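One structure below.
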Amino acid sequence: MSPNTNKYLTTQSRLERDLTRSASGLFAILFASIFACAAPALAGILKIETQTTVEVTPDLLKTSVIFTNNGTAPAYNLQVHLNALGRQENSPVIPQLDPGQSDRARFERNVTGVRKGRYPMTVRVDFHDANQYPFSALSGMTFHVGEDVNPSLIAQAKDITLNKNRILRFNLKNLGFESQKILATLVLPKEFSTPQARKTVDINQRAEKALDFEIGNFSALPGAIYPIFCYFEYDAEDTHYTAVTRTLVTVAKDENLFRRFRWLWISLAAVLAAILIIVIIREHVKRSLKHDPDSDQ
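Okay, structure coming up:
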């Protein structure tokens with residue numbers, strides 16, 4: 003490897019789907035675990051693990067994504083999508099990946115003339131279960147071309163619970179001594195949507211600012227937990243800078259009427275039971291008085 007070559011090896015995502023469970027959920031922190039319901043005949047575990055390698059030479063950006071099915075059920079119609087330097091590339095669709103099998107997606111792009119600095123990269127893996135229900139897992143990272151740099155920007159966001167629509171707020175801090183024009187790009191899995199994924203914000207030197215995005219649940223299952231990413235990019239002199247922030251979004255679980263109003267049902271049942279006891283006691287008293295000889299005198 004030449005001195006000008008940058009190489010990264012990162013485990014980007016782990017997709018796991020338990021086909022035997024009746025509840026559903028997804029967990030991901032640079033990985034995603036998906037649990038969803040399915041027919042008993044399709045019982046099994048679908049577990050997809052991916053590993054991404056990024057290599058940057060003076061002329062090329064080379065990316066390799068290995069995805070493996072470490073579960074007990076086949077995965078169907080898998081496809082890897084890579085987004086970097088303003089362009090998306092898609093791997094061929096893999097019709098089926100049986101348990102224990104792996105496949106690889108390779109991407110290569112020319113970086114000649116790209117300004118030095120740090121840039122965002124997003125890897126999304128789409129796959130389906132045996133019922134052809136679609137899922138996606140998202141991984142966000144950065145890579146550098148030429149000289150590596152650290153941004154003078156901090157961005158933070160709290161994990162949230164999403165019902166139908168929700169505002170996701172990012173708190174920005176400019177640690178530098180120059181004002182910056184920031185391009186913020188929100189990256190969502192296919193199961194979520196937003197009316198505006200890109201926003202521009204000006205932030206003064208040594209200042210703080212809040213930036214809000216509206217997100218909605220498009221097709222995510224109740225109880226699922228997804229990672230989402232937001233990139234904050236700016237240019238200073240002849241260098242490009244990128245800060246990336248990850249947050250978790252939990253899809254609110256559906257509550258049936260009994261759970262939602264369980265105390266009402268319990269109270270109602272207690273009242274009905276008390277009324278029934280009173281009626282029984284009154285009937286018993288009436289019968290006792292009717293058959294008591296002294297009551298006729």
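Just so we're aligned: the sequence shown equals residues 3 to 299 in the numbering used here. C-beta: ideal position from N, C-alpha, C; glycine also. Please read all numbers here as calculations on a predicted model, not as lab measurements.
Nearest neighbour of residue i, chosen from the options [CA to CA]
i      : options                        : result
ALA238 : PHE145, LEU80, LEU155, ALA199  : LEU155
PRO224 : GLN198, THR241, LYS255, ALA199 : LYS255
TYR243 : PRO101, LEU62, GLY102, VAL147  : VAL147
MET143 : LYS201, PHE215, GLN53          : GLN53
GLY102 : ARG111, GLY73, VAL116, ILE282  : GLY73
GLU180 : SER141, GLN207, PHE220, THR241 : GLN207
VAL67  : PHE109, ASP150, ARG200         : PHE109
LEU80  : ALA222, GLN90, TYR135          : TYR135
PRO153 : PRO122, PRO229, ALA271         : PRO122
GLN198 : ALA212, GLY218, ASP204         : GLY218
ALA139 : LYS288, PHE129, ASN133         : PHE129
LEU177 : VAL273, VAL151, ASP161, ALA209 : ALA209
Straight-line gap, residue i to residue j (C-alpha atoms, nearest Å)
i      : j      : result
PHE231 : VAL125 : 11 Å
LEU188 : TYR233 : 7 Å
GLY115 : ASN165 : 45 Å
ARG117 : LYS192 : 30 Å
ALA226 : ASN71  : 20 Å
ILE50  : VAL253 : 21 Å
GLU216 : THR196 : 6 Å
ILE205 : ALA212 : 10 Å
LEU1   : ILE280 : With the chain covering 3 to 299 only, the question about residue 1 has no answer from this structure.
THR249 : TYR228 : 8 Å
ARG120 : THR241 : 8 Å
ILE277 : ILE268 : 14 Å
ILE282 : ASP161 : 55 Å
Residue i classed as buried or exposed, judged by whether at least 16 other C-beta atoms fall within 10 angstroms
i      : result
GLY88  : exposed
LEU174 : buried
SER93  : buried
ALA271 : exposed
HIS286 : exposed
THR163 : exposed
SER290 : exposed
Close beta carbons around residue i, own chain, < 6 Å, minus the five adjacent residues each side
i      : result
LEU235 : Checking the displayed sequence, the identity of residue 235 turns out to be Glu instead of Leu. Hits under 6 Å: LEU185, THR244.
VAL113 : LEU63, VAL147
ASP214 : ILE169, ARG171
Beta-carbon proximity list for residue i, same chain, < 7 Å, skipping 5 on both sides
i      : result
ASN105 : The question names Asn, but residue 105 in the sequence shown is Asp. Once the five neighbours on either side are set aside, the close Cβ partners of ASP105 are PHE69, ILE96, LEU99.
GLU91  : LEU84, PHE109
ILE31  : Low per-residue confidence applies at ILE31: pLDDT is 30, beneath 50, and the placement is therefore not dependable, though the value from the model is reported in the following sentence. Result list for ILE31: PRO229, in chain order.
Other residues of its chain near residue i: CB distance less than 8 Å, five sequence neighbours each side excluded
i      : result
THR202 : LYS183, ILE184, LEU185, ALA186
ARG200 : LEU185, ALA186, THR187, LEU188
Interface flag, residue i vs chain C, CB-CB below 8 Å
i     : result
THR54 : Here chain C cannot be found, since the structure has a single protein chain.
request  = Only counting runs of 3 or more residues, tell me where the beta strand (DSSP E) segments fall wholly within the region 53-123, in order along the chain.
outcome  = Listed in chain order, they are 62-71, 77-86, 89-92, 96-99, 104-112.
key: Contained beta strand (DSSP E) runs [length at least 3] in the region 207-283, N- to C-terminal order   = 210-219, 227-238, 241-253
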